[in-house]
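*Asks:*
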Amino acid sequence: MIRADPVPFEPTRAPAWARPSGSFRDHSEAEALFFAGAAFAALDSVAKSDPPWAGVWRRRLALKSAVAVAANLLHRREDEAALRDAVALARPGQDLGPAGRVYSAFRILAGPRDLFGPNRLSAVAADLQAPLDPEKAAEVAAALRETGGRGRPAPVVAAAAAAVVTALRADAEPLALLCADAALAKTLGWPTPLPLLASELFARRATGEGRRPRPGEAGWGKLVALAYACAALAALDLAQDLARRAGRLADAAPKLRAKGKTGAIEALLADDAVSAAPPIAGLSDRARRRLFERLVALGAARELTGRAAFRLYGL
Amino acid sequence: MARKASSEPDFDRELADLPPELRWREWKARVEAVLFAAPKPVTREILGRVVGRDCALELLLDDLKEDLRGRPIELVRVGESFALHTRPTFGSSVRIAFDIPANAKQLTKLEAGVMMAVAMFQPVTRGEISEMFGREISRDLIAALREEGLIAAGPRSPKVGAPYAYVTTEKFLFEFGLESLRDLPDLEKLEDTGLLGPASREEPARAGLALESATDEAPPDRASLLADLAGVLGLRAEEDEPEEDAA
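Sequences listed follow chains A and B, in order. Using the working numbering, you'd call the opening residue of the first sequence number 1252 and step up by one each time. Using the working numbering, you'd call the opening residue of the second sequence number 492 and step up by one each time.
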């Protein structure tokens, strides 16, 4: 039987009043924190439960953040499609190029492992073009552990974590954003971090026209809170969309007759983009391609690239 | 070098019996000696083997850099590694002394341009670079750059034939004296300031693969800009004869 969606999981909806209406200048820090709190409360149940489509969800959030960081902090011009290609089509051990490595760093963040170990931290830092040597990584890791005090509001802890990283290494802002997300998840008791902060930090509506406050500067706390408010709501919207799509995939499942269909459906629910090339148990090369095409025809999956070859499928 | 700590049983790392200034000077001298003798860039970890545990290596290296001011060599930092280089102005002296004929290592203008194209637009395929330059970039040229270790094959591009997309290597950063790819000039800014001329109008914010659309109109501009950029950065690529007659 397909265990893709035994009980349809319906993500909560955020109340309309939780949506910040104005820009950076219209809100005080207290207001920003209120919006962030409301958004996190709505997001909490989804982030803590493990819906079948959690894999896609986390990776799509990672992709969004990675694109924002690559474009705004590292001056890379690769867009979402290019990053998706880089990671989905690469073989293990290949250099993904600078922007692709940013995406893979955010995927590590959204993975099950604790980011705050020195080794993982320095691996991620190298991907974000701010390499840390082991001593420094240990120092950063220790400082990050200290920031997570009990009883402080999560966005404040996240903002402090980012400031700690940039204080130890000024050019490591991408890493700082990643650590902020990890610190946030720790404070909120989420089992896996969600990449949120970077995706909204650079939006025009977050800062208004002026210069964006850097980690640790005046206004940074407010900016972080506001960015989190927007990002958490966007993540919730994405969760709703994915829940609907996953439902459609579950509906289509009985119409498939291929033997290895479970593997294919699981792959679609686990990752943002799936290529038909890597093997899936029970499906031959040809059968995989046919199965994915059939899912697209049934409206249960999408072809993400629009190409005729090297196609990638996703929810 | 300091590979086997055990081969020097009475090597005093901490120098606890010296007054602080002397100890600092001794540590600095040791670091300089290691850097001088090293055939390739030395990581911080290796440098840490010859100084005491409570030595602030970062400050020590800054201090060393300051000491070398006015000398023909300089301390160069690449990522987390360090090396001593001759200063660019003495490049010609070194070349004449060792009779290096227009240096085998020196890149031609086209190679330099291609190198920069890879650096700026990586991962990028040979076909894309060819379009950018408005002429065929030969496989040999790419192979030569690969041979030098300046670029490497990255992911394969999702196009007919699945060509390799090329990315730059650590060695590239080192040869061009960059700490990370972020030190490359920002092409968008150059376009905004008008350095790139007509090419600036059709290429606002699209991503790397939108090159095709941009290059149809004004390939020569971009090609020559890239070559010029390489020239500017390449000043440092030509001169590197690290002081490596170790023994």
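Idealized CB from N, CA, C, for every residue including glycine.
Below 6 Å CB to CB, which residues in the same chain sit around A1350/A once its five sequence neighbours on both sides are set aside?
*Replies:* Walking along the first sequence from the start, residue 1350/A turns up at place 99. Only A1321, R1327, E1329, L1334 meet the Cβ criterion.
*Asks:* Examine chain B for any beta-carbon lying closer than 7 Å to the beta-carbon of L1340/A, and answer yes or no.
*Replies:* In the first sequence, counting from the first residue as 1, residue 1340/A sits at position 89. Taking Cβ atoms only, chain B reaches closer than 7 Å to L1340/A, which makes this a yes.
*Asks:* I'd like to check one pair, E1554/A with R1562/A: are the Cβ atoms closer than 7 Å?
*Replies:* Locating residue 1562/A in the first sequence gives position 311, counting from the first residue. Locating residue 1554/A in the first sequence gives position 303, counting from the first residue. In this structure, E1554/A lies closer than 7 Å to R1562/A by Cβ.
*Asks:* Any idea what DSSP makes of T616/B, helix, strand or coil?
*Replies:* Counting from 1 along the second sequence, the entry for residue 616/B is found at position 125. Of the three classes helix, strand and coil, the one that applies to T616/B here is strand, per DSSP.
*Asks:* Evaluate T1398/A with the Cβ neighbour count: other Cβ atoms within 10 Å of its Cβ, from every protein chain shown; 16 or more gives buried, anything less gives exposed.
*Replies:* As a working mapping, residue 1398/A is identified with position 147 in the first sequence. T1398/A is classed as buried because its beta carbon has at least 16 other beta carbons within 10 Å across all chains shown.
*Asks:* Are P579/B and D1336/A closer than 7 Å when you measure CB to CB?
*Replies:* The residue given as residue 579/B occupies position 88 in the second sequence. The residue given as residue 1336/A occupies position 85 in the first sequence. Going by C-beta atoms, P579/B is not nearer than 7 Å to D1336/A.
*Asks:* Given that a residue counts as buried once 16 or more other Cβ atoms are within 10 Å of its Cβ, and exposed if not, what is A698/B?
*Replies:* On the second sequence, residue 698/B is found 207 positions in, with the first residue counted as 1. For A698/B, the predicted structure reports a pLDDT of 37, less than 50, and the residue's modelled location is therefore unreliable. A value from the coordinates is still provided. In the assembly as shown, A698/B is a buried residue. Its beta-carbon has 16 or more other beta-carbons within 10 Å.
*Asks:* Return the bridge partner residues of Y657/B from the DSSP annotation.
*Replies:* As a position in the second sequence, residue 657/B is number 166, starting the count at 1. V615/B, A644/B.
*Asks:* Could you give the distance in angstroms between the alpha-carbon of E523/B and the alpha-carbon of G561/B?
*Replies:* Mapped onto the second sequence, residue 523/B falls at position 32. Mapped onto the second sequence, residue 561/B falls at position 70. If you take the alpha carbons of E523/B and G561/B, they lie about 16 Å apart.
*Asks:* Can I642/B and T659/B be called in contact, C-beta distance under 7 Å?
*Replies:* Residue mapping note: residue 642/B aligns to position 151 of the second sequence, counting from 1. Residue mapping note: residue 659/B aligns to position 168 of the second sequence, counting from 1. Result yes, Cβ atoms of I642/B and T659/B sit closer than 7 Å.
*Asks:* When the distance is taken between beta carbons, is D1422/A closer than 7 Å to A1381/A?
*Replies:* Locating residue 1381/A in the first sequence gives position 130, counting from the first residue. Locating residue 1422/A in the first sequence gives position 171, counting from the first residue. Contact check for A1381/A against D1422/A passes: the beta carbons are separated by less than 7 Å.
*Asks:* Would you call P1303/A buried or exposed, if buried means 16 or more other Cβ atoms sit within 10 Å of its Cβ?
*Replies:* Locating residue 1303/A in the first sequence gives position 52, counting from the first residue. Per the 10 Å Cβ criterion, buried.
*Asks:* Tell me whether D553/B counts as near the ligand ZN, meaning its Cβ is closer than 6 Å to at least one heavy atom of that ligand.
*Replies:* The ligand ZN is absent from the structure shown, which contains no ligands of any kind.
*Asks:* So, helix, strand or coil for G1288/A, using DSSP?
*Replies:* Counted from its first residue, the first sequence places residue 1288/A at position 37. Helix, per DSSP.
*Asks:* Looking at I1531/A: is its Cβ nearer than 7 Å to the Cβ of R1537/A?
*Replies:* In the first sequence, residue 1531/A corresponds to position 280, counting from 1. In the first sequence, residue 1537/A corresponds to position 286, counting from 1. No, they are not a contact pair.
*Asks:* I want to verify the contact list: residues of chain A whose CB lies under 8 Å from the CB of D677/B, in sequence order.
*Replies:* Position 186 of the second sequence, counted from the start, is the residue given in the question as residue 677/B. Within 8 Å Cβ-Cβ: H1326.
*Asks:* Along the stretch 627-645 of chain B, what residues have a CB closer than 7 Å to any CB found in chain A?
*Replies:* A643, G645
*Asks:* Count the other CB atoms, across all protein chains shown, that sit within 10 Å of the CB of D736/B; report buried if there are 16 or more and exposed otherwise.
*Replies:* The residue labelled residue 736/B in the question sits at position 245 within the second sequence. At D736/B the pLDDT is 38, less than 50, meaning the model places this residue with poor confidence and gives no usable figure here.
*Asks:* What did DSSP end up calling L566/B once you bin it into helix, strand or coil?
*Replies:* Position 75 of the second sequence, counting from 1, holds the residue named residue 566/B. In the structure shown, L566/B sits in a strand (DSSP, three-state: E or B).
*Asks:* Using a C-beta cutoff of 7 Å, does V533/B count as contacting chain A?
*Replies:* Translated into the one-based positions of the second sequence, residue 533/B becomes position 42. No, because no Cβ of chain A sits closer than 7 Å to the Cβ of V533/B.
*Asks:* Relative to the alpha-carbon of P1197/A, which residue among G1557/A, I1359/A, F1285/A, A1483/A has its alpha-carbon at the smallest distance?
*Replies:* Nothing in the structure corresponds to residue 1197/A, since chain A is present only between 1252 and 1566.
*Asks:* At 9 Å on the CB atoms, spell out the chain A contacts of P614/B, in chain order.
*Replies:* In the second sequence, the residue the question calls residue 614/B occupies position 123. Simply E1329, A1333, A1337, D1346, L1347, G1348, P1349, A1350, G1351.
*Asks:* Fully enclosed by the stretch 496-578 of chain B, which beta strand (DSSP E) runs are 3 residues long or longer?
*Replies:* 564-569, 572-577
*Asks:* If distances are taken between C-alpha atoms only, which option among A1478/A, S1355/A, A1490/A comes closest to R1270/A?
*Replies:* Taking the first sequence and counting its residues from 1, the one referred to as residue 1270/A is at position 19. Checking every option, the nearest Cα to that of R1270/A belongs to A1478/A.
*Asks:* So, under 8 Å CB-CB, V1475/A and P1406/A are touching, yes? Tell me the CB distance rounded to an integer number of Å.
*Replies:* Indexing the first sequence from 1 puts residue 1475/A at position 224. Indexing the first sequence from 1 puts residue 1406/A at position 155. Contact flag correct, Cβ pair sits at about 6 Å.
*Asks:* Where do the N-terminal and C-terminal ends of the alpha helix (DSSP H) with G1306/A fall, by residue?
*Replies:* For this step, residue 1306/A is matched to residue 55 along the first sequence. Where G1306/A is concerned, the enclosing alpha helix (DSSP H) stretches over 1305-1323.
*Asks:* For R1310/A, which residues in the same chain have their Cβ closer than 7 Å to its Cβ, ignoring the five residues on either side in sequence?
*Replies:* Position 59 of the first sequence, counted from the first residue, corresponds to residue 1310/A. So the list reads R1358, A1361, D1522, D1523, once near-sequence residues are dropped.
*Asks:* Pull up the distance between the alpha-carbon of E732/B and that of F663/B, whole angstroms please.
*Replies:* The residue given as residue 732/B occupies position 241 in the second sequence. The residue given as residue 663/B occupies position 172 in the second sequence. Low confidence applies here, because E732/B scores a pLDDT of 38, under 50, leaving its location unreliable and the question unanswered by this model.
*Asks:* By Cβ distance, which residues of its chain are closer than 7 Å to L559/B, with the 5 residues on each side in sequence left out?
*Replies:* What you label residue 559/B is simply residue 68 of the second sequence in a count that begins at 1. Same-chain partners within the cutoff: E565, L566.
*Asks:* Excluding the five sequence neighbours on either side, which residues of its own chain have a C-beta within less than 7 Å of the C-beta of T1556/A, listed in chain order?
*Replies:* Position 305 of the first sequence, counted from the start, is the residue given in the question as residue 1556/A. So the qualifying residues of the chain are A1332, R1562, L1563.
*Asks:* Just the Cα atoms here: how many angstroms apart are I1516/A and L1500/A?
*Replies:* Locating residue 1516/A in the first sequence gives position 265, where the first residue counts as 1. Locating residue 1500/A in the first sequence gives position 249, where the first residue counts as 1. Between I1516/A and L1500/A, the C-alpha separation is close to 8 Å.
*Asks:* Using beta-carbon positions only, say whether E512/B and G543/B come within less than 7 Å of one another.
*Replies:* By 1-based counting over the second sequence, the position of residue 512/B is 21. By 1-based counting over the second sequence, the position of residue 543/B is 52. No, they are not a contact pair.
*Asks:* Mind listing the chain B neighbours of F1561/A? Cutoff is C-beta to C-beta under 7 Å, in chain order.
*Replies:* As a first step, residue 1561/A must be located in the first sequence, where it is residue number 310. By Cβ distance, chain B contributes P649.
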